[in-house]
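Asks: Handing you this structure, nothing more for now.
Protein chains: 4
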Amino acid sequence: MGIIVVNTKAYWEGIGKNAVELAKIMEKIGREYGVEMAIAVQPCDVYRVANEVEIDVFSQHIDAIEYGSYTGWILPHAVKEAGARGTLINHSEHRIKVEDIFAAAKIAAEVGLKRVICASVVEVARAVACFMPEYVAIEPPELIGGDISVTKAKPEVVSESVEAVKKINEKVKVLCGAGIKSGEDVAKAIELGAEGILVASGVVKAKDKEKVLAEMAEAMVK
Amino acid sequence: MGIIVVNTKAYWEGIGKNAVELAKIMEKIGREYGVEMAIAVQPCDVYRVANEVEIDVFSQHIDAIEYGSYTGWILPHAVKEAGARGTLINHSEHRIKVEDIFAAAKIAAEVGLKRVICASVVEVARAVACFMPEYVAIEPPELIGGDISVTKAKPEVVSESVEAVKKINEKVKVLCGAGIKSGEDVAKAIELGAEGILVASGVVKAKDKEKVLAEMAEAMVK
Amino acid sequence: MGIIVVNTKAYWEGIGKNAVELAKIMEKIGREYGVEMAIAVQPCDVYRVANEVEIDVFSQHIDAIEYGSYTGWILPHAVKEAGARGTLINHSEHRIKVEDIFAAAKIAAEVGLKRVICASVVEVARAVACFMPEYVAIEPPELIGGDISVTKAKPEVVSESVEAVKKINEKVKVLCGAGIKSGEDVAKAIELGAEGILVASGVVKAKDKEKVLAEMAEAMVK
Amino acid sequence: MGIIVVNTKAYWEGIGKNAVELAKIMEKIGREYGVEMAIAVQPCDVYRVANEVEIDVFSQHIDAIEYGSYTGWILPHAVKEAGARGTLINHSEHRIKVEDIFAAAKIAAEVGLKRVICASVVEVARAVACFMPEYVAIEPPELIGGDISVTKAKPEVVSESVEAVKKINEKVKVLCGAGIKSGEDVAKAIELGAEGILVASGVVKAKDKEKVLAEMAEAMVK
């Protein structure tokens, strides 16, 4: 069964009370369709959102740090205590050094945060799969936020990533993202071997968020 | 009247419920002595702490971004909505580009966050004063977290920073930090022209936080 | 008397033997018009170009490091030994932390490299002037590489930068850049108080480099 | 047959004319023992050194850029034209984003530069092997510049890296580094499966560079 991860970025529609509202819609649709949902929010919204819903709340980022003198960096232990159950790592808008991906993934596992490591191309998807995260999300940056879904524009990137990642470790699941806007896009993603999607504007900036989410959830369980 | 800004960094003693506890002690002492207090916490603790105390809660960092596609970066508008009333900028453990200091300071002012811009040396204190923040905090990095206070080791750095900053703009207040651990250090800081202190381990890792804070607050109002 | 600093960036027209060729044209025109010329090249071209011309060769960047374990960072002492007489610092395509600007400027002075510190806005120009470089170059990033010169689009940015910088220190000279393409642009820059220009594509990508440089040099000495 | 790659970092002993001198010693020893030698120098020393010796000159770093507006970043095409035949990528003192490692490795291949991608741990060695460089260099950062060789302190890191990398692609060779100071260290490295070494202070700061290099070369061909 697939997962829908919604990344609220720094969108007005996904901050503070808007994030709470969106999380509640996701929770409702998730229950209705029996689809796993996770919302990745700004670090300062983790506590607030996690107190209002039962779906997984993810941090949009963590830094590869332990307790100590790291003013203003995102401490995995702190987002965990705030209620996060997972985190994005190396999002295309927040790329980090390869050694930091490895270290962040390790620390996240130690504190009990699920990891979604993002990658731009098949080779990077394969490389980060070596760090054994729960998920690798393949998102060609040039398609992020655009009108054409990765599943239409570059379906082979999804299927080849699935193949490359599974060769490294069968347990690592591949999500796909970039331009995902409809149930059709989700259905195609699943067909290509993805076990979920990472979506942002397609949901967060949709006029009717509930409708889009329902459509996507429906496609996921078909 | 001076201000005491406590930076909890990523210290175990300053995360989550520990941050709330510390903030409550600060609130109590602040009221007792009539001293302004602010606690600078991890972004993910802003909401939680701000809901529990009336003293100012600061973010330890903000990024120079507006609403938009900035996954995992700290949106000033988001920490403001979470309850922050101010922010550190350019802390020695989180240096940023000069253009980003300018932009972050500008955006913070627009959303209504007080700014504490940190600097390592007199020349940088003077430079960042050009961005007209409420506070410039001078902290020689080699003394941060150490046992000797900046007011003892390099008193001239404090007094020269005050002079340099006031020449740029009379309204910008100078805080001093690094190694501040006692009422005596605070008294000396005020004597050197500082209008407050930025302190971390000296309070957060103190065995008796209340006692240290009381001693510092007393020195501030003498 | 003004200076013309040509930044070859990573343009094909400004690399290796092309850089040497351009430097020779600059040298010729500089002599003809009695105008000071400097060419800012890729670090790996400093030695080659400096051995072929007598005009100043600048590095496009230096890092704030001393001799030591800094693999792949640009050592000021090394570019100096390679023949550089100056360096750009904080170019809009290579922004650095404010503390690093201060440190790089200090080290550059110690090894004998002239400094051109770049800034995007008046406030930053004023701030970096506090580090007492030989030059501050004001370049609104949105105009860099474009068709409209800063002197036309935002003349007040130039004149206000000159005013702000001179208040910090009379000796710091202001260069202006972004969209500079003609003798007319140079004349206007001088009229606005600039004591030279920082130019890239306007010269490096010009069809007739010699003609453009002659026109600019002529405007400089009028 | 193994390779000895000497990284001169930003050491005084490895800059400018000292780099040339060292390269000549390497060339001499390389010929004597029939061992492949490469010297990785500061970008601004590539041209000078490459004109004086026939051994491979590497850049200590390249940035993941093509021709264009990238002031002060290290253009692969420029170091190639300057005479480089290879480059280090992601050295422990110069870590870069995973996407940039991939892109830099790709561009380097296109312009004809051999790639040595560095890694701190077995997992990262395996990950970067996915980008199919000529070499992966495994160097535990805590041992770099120290007195105990990786081959003594953590031999399993070398052998496991060889195993992990070869599983990704048989053709990728593993170098080992950190604390390598003697022929004995080199012999052990080869025994553990390494096909060469990456060494810095052990050679560059040796009192008798020729003697150390000869000892290392001898161990390599045994």
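Protein chains in written order, with the working numbering: chain F, 781 to 1002; chain S, 781 to 1002; chain C, 781 to 1002; chain A, 781 to 1002.
Note that CB positions come from ideal geometry on N, CA and C, so glycine has one too.
So with Cβ pairs under 7 angstroms, would you call S:ALA884 a contact of chain C?
Replies: Not closer than 7 angstroms to any Cβ of chain C, the Cβ of S:ALA884 fails to qualify, so no.
Asks: Name the DSSP beta bridge partners of S:ALA790, please?
Replies: Note: S:ALA790 sits in a beta bridge opposite F:GLY848.
Asks: For the stretch 948 to 970 of chain S, which residues have a CB atom closer than 7 angstroms to at least one CB atom of chain F, in sequence order?
Replies: So nothing in the stretch comes that close.
Asks: Determine the burial state of A:LYS797: buried for a count of at least 16 other Cβ atoms within 10 Å of its Cβ, exposed for fewer.
Replies: Exposed, since its Cβ has fewer than 16 Cβ neighbours within 10 Å.
Asks: Any idea what DSSP makes of A:LEU993, helix, strand or coil?
Replies: Helix at A:LEU993.
Asks: Does the beta carbon of A:THR787 come closer than 7 angstroms to any beta carbon on chain C?
Replies: Sequence check: residue 787 of chain A is Asn here, not Thr. Closer than 7 angstroms: yes.
Asks: With DSSP run on the structure shown, which of helix, strand or coil describes C:VAL938?
Replies: Of the three classes helix, strand and coil, the one that applies to C:VAL938 here is helix, per DSSP.
Asks: Give the straight-line distance between the Cα atoms of S:ASN949 and S:VAL916, rounded to the nearest whole angstrom.
Replies: Roughly 11 angstroms separates the two Cα atoms.
Asks: Label S:VAL908 either buried or exposed according to how many other C-beta atoms from any shown protein chain fall within 10 Å of its C-beta, with 16 as the threshold for buried.
Replies: That one is buried.
Asks: May I ask you to report which of helix, strand or coil DSSP gives S:ALA980?
Replies: S:ALA980 falls in the coil class under three-state DSSP.
Asks: Closest to S:ILE835 by CA distance: which of S:GLY963, S:TYR791, S:VAL800, S:VAL930 is it?
Replies: Answer by Cα proximity: S:VAL800.
Asks: Could you tell me whether the Cβ atoms of S:SER941 and S:VAL966 are closer together than 7 angstroms?
Replies: Cβ atoms of S:SER941 and S:VAL966: not closer than 7 angstroms.
Asks: Run through chain C and tell me which residues come within less than 7 angstroms of S:VAL901, C-beta to C-beta.
Replies: Those within 7 angstroms of S:VAL901 in chain C are PHE882.
Asks: Would you list the residues sitting across from C:SER839 in a DSSP beta bridge?
Replies: Answer is C:VAL821, C:THR867, bridged to C:SER839.
Asks: Could you confirm whether any beta carbon from chain C is found closer than 7 angstroms to the beta carbon of S:ALA905?
Replies: No, S:ALA905 does not count as interfacial toward chain C.
Asks: Using a C-beta to C-beta distance shorter than 7 angstroms, which residues of chain F count as neighbours of A:VAL945?
Replies: Chain F residues near A:VAL945: none, gap ~11 angstroms exceeds 7 angstroms.
Asks: Out of F:VAL786, F:TYR791, F:VAL826, F:TYR847, which one is the CA nearest neighbour of S:TRP792?
Replies: It is F:TYR847.
Asks: Sorted by chain position, which residues of the same chain lie with C-beta nearer than 6 angstroms to F:GLU816's C-beta, five sequence neighbours on each side aside?
Replies: Around F:GLU816: ILE783.
Asks: Excluding five sequence neighbours on each side, which residues of the same chain lie with their C-beta closer than 6 angstroms to the C-beta of C:VAL821?
Replies: So the list reads THR788, ALA799, VAL829, once near-sequence residues are dropped.
Asks: Only counting runs of 3 or more residues, tell me where the beta strand (DSSP E) segments fall wholly within the stretch 903 to 936 of chain A, in order along the chain.
Replies: Fully enclosed beta strand (DSSP E) runs of 3 or longer: 915 to 918.
Asks: Distance check for A:VAL833 and A:LYS804, CA to CA, integer angstroms please.
Replies: So the two alpha carbons sit approximately 6 angstroms from each other.
Asks: C:GLU964 to S:GLU890, Cα distance in whole Å?
Replies: So the alpha carbons of these two residues sit roughly 38 angstroms apart.
Asks: Counting only the same chain and skipping the five closest in sequence on each side, list residues whose C-beta sits under 6 angstroms from that of F:GLY982.
Replies: Here the set comprises ILE960, LYS961.
Asks: Could you pull the start and end residues of the alpha helix (DSSP H) that C:GLY957 belongs to?
Replies: From DSSP, C:GLY957 is part of no alpha helix (DSSP H) but of the beta strand (DSSP E) over 953 to 957.
Asks: For A:ARG811, report the span of its alpha helix (DSSP H) as first-last.
Replies: Counting along the chain, the alpha helix (DSSP H) containing A:ARG811 begins and ends at 797 to 813.
Asks: Rounded to the nearest angstrom, what separates C:GLU995 and C:SER872 at their Cα positions?
Replies: Computed Cα separation, rounded: 26 angstroms.
Asks: Could you tell me the alpha carbon to alpha carbon distance between F:LYS808 and F:ALA997, rounded to whole angstroms?
Replies: So the two alpha carbons sit approximately 11 angstroms from each other.
Asks: For S:ILE783, name the three-state secondary structure that DSSP assigns.
Replies: Strand at S:ILE783.
Asks: Any C-beta of chain A sitting closer than 7 angstroms to the C-beta of C:GLY892?
Replies: No, its Cβ sits nowhere closer than 7 angstroms to a Cβ of chain A.
Asks: Roughly how many angstroms separate the alpha carbons of S:GLU971 and F:SER849, rounded to a whole number?
Replies: The alpha-carbon atoms of S:GLU971 and F:SER849 are separated by roughly 28 angstroms.
Asks: Considering just the uninterrupted stretch of the beta strand (DSSP E) at C:ALA899, what are its terminal residues?
Replies: 894 to 899 is the span of the beta strand (DSSP E), which, as asked, contains C:ALA899.
Asks: For F:GLU816, which three-state DSSP category applies?
Replies: Reduced to three states, the DSSP call for F:GLU816 is strand.
Asks: What residues of chain A sit near F:ILE842, judged by a beta carbon separation below 7 angstroms?
Replies: Chain A residues near F:ILE842: none, gap ~16 angstroms exceeds 7 angstroms.
Asks: For the structure I just gave you, are there three or more beta carbon pairs, one from the stretch 923 to 938 of chain C and one from the stretch 950 to 958 of chain C, closer than 8 angstroms?
Replies: Because the criterion of three Cβ pairs below 8 angstroms is met, the stretch 923 to 938 of chain C and the stretch 950 to 958 of chain C touch.
Asks: Please classify S:ASP988: is it buried, with 16 or more other beta-carbons within 10 angstroms of its beta-carbon, or exposed?
Replies: Exposed: under 16 other Cβ atoms inside 10 Å.
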